[in-house]
Amino acid sequence: SQQGEEDPQALSIQEGENATMNCSYKTSINNLQWYRQNSGRGLVHLILIRSNEREKHSGRLRVTLDTSKKSSSLLITASRAADTASYFCATDKGSARQLTFGSGTQLTVLP
Amino acid sequence: DAGVIQSPRHEVTEMGQEVTLRCKPISGHNSLFWYRQTMMRGLELLIYFNNNVPIDDSGMPEDRFSAKMPNASFSTLKIQPSEPRDSAVYFCASTLQGRVYEQYFGPGTRLTVT
């Protein structure tokens, strides 16, 4: 099974609203990152949070990390139709030089 | 920079045929990853290379799958013989070795095996 599991699997909101997606993982990690995938395209790296960080901001993105609960959340504020995409969390752990991706949240922002 | 380049973008083939997917990583990147994405299994790592050397191929599903990286600017993923269950989108990603967390993905190859 995958290291990361996102919820919800699908989220539909109105433009201007905030979108929150959650990710849970099973084992200790070095870093957690979020990627976006537009339909028919490859994944694009959005933001990284290290295991010793609790919160990070980048533009309209806010990521939190709770290592005690092995969970992270991605908040997109003031959403736009262009934010419509699938969002994946990915973790790397230990000495592994690879990422493990979650199952993704499909976000739809309605104009 | 053109980003990671994959070809072909779409491939339709009949069961039993050989399929070769190609990837050109970003110039200067020395780690390359092959992934497969399906609705059922999500995004799975198949194999990755550091400095053209395969490091971990434990994700390669069967002996029908093989990957090579003859030089720093080119990699192939071959399926022989192909089967309908191999239908998926195959992504190549590259990064600088040690920066595993910031991978740059290509647009993918959508493979359909009939």
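Chains as they are written, first to last, in my numbering: chain B, 10 to 120; chain X, 122 to 235.
The beta-carbon is built from N, C-alpha and C at its ideal position, and this holds for glycine as well.
Test item: CB-CB of residue i and residue j under 9 Å
i	j	result
Thr86 (chain B)	Leu70 (chain B)	yes
Ser152 (chain X)	Thr216 (chain X)	yes
Asp16 (chain B)	Ser33 (chain B)	yes
Tyr96 (chain B)	Gln46 (chain B)	yes
9 Å Cβ cutoff, residue i in contact with chain B
i	result
Gly228 (chain X)	Reading off the sequence, residue 228 (chain X) comes out as Pro, not Gly. Output row for Pro228 (chain X): interface = yes.
Val133 (chain X)	no
Gly137 (chain X)	no
Phe154 (chain X)	yes
Val125 (chain X)	yes
Leu232 (chain X)	no
Any C-beta of chain X under 9 Å from that of residue i
i	result
Gln107 (chain B)	yes
Ala94 (chain B)	no
Ser81 (chain B)	no
Gln11 (chain B)	Model confidence at Gln11 (chain B) stands at a pLDDT of 38, short of 50, so the residue's coordinates are unreliable and nothing is read from them.
Ala19 (chain B)	no
Asp101 (chain B)	yes
Host beta strand (DSSP E) of residue i (start-end)
i	result
Met190 (chain X)	186-192
Ser82 (chain B)	80-85
Ala123 (chain X)	Note, Ala123 (chain X): premise wrong, no beta strand (DSSP E); not H, not E.
Residues from the stretch 213-224 of chain X in contact with chain B, defined by Cβ distance under 8 Å: For the stretch 213-224 of chain X, the residues whose beta carbon sits under 8 Å from a beta carbon of chain B are, in order, Ala214, Gln218, Gly219, Val221, Tyr222, Glu223, Gln224.
Using Cβ-Cβ distances below 9 Å, what residues of the stretch 29-52 of chain B are close to chain X? Those would be Asn39, Asn40, Leu41, Gln42, Tyr44, Gln46, Gly49, Arg50, Gly51, Leu52, in chain order.
Residues from the stretch 53-71 of chain B in contact with chain X, defined by Cβ distance under 8 Å: So the close ones are Val53, His54, Leu57.
Of all the beta strand (DSSP E) runs that stay within the bounds of the stretch 130-154 of chain X, which reach a length of 3 or more residues? The stretch 130-154 of chain X contains these whole beta strand (DSSP E) runs: 131-134, 140-145.
Listed in chain order, which residues of the stretch 159-179 of chain X have Cβ atoms closer than 9 Å to some Cβ of chain B? Against chain B - using a Cβ distance shorter than 9 Å - the residues of the stretch 159-179 of chain X are Arg162, Gly163, Leu164, Glu165, Leu166, Tyr169, Asn171, Ile176, Asp177.
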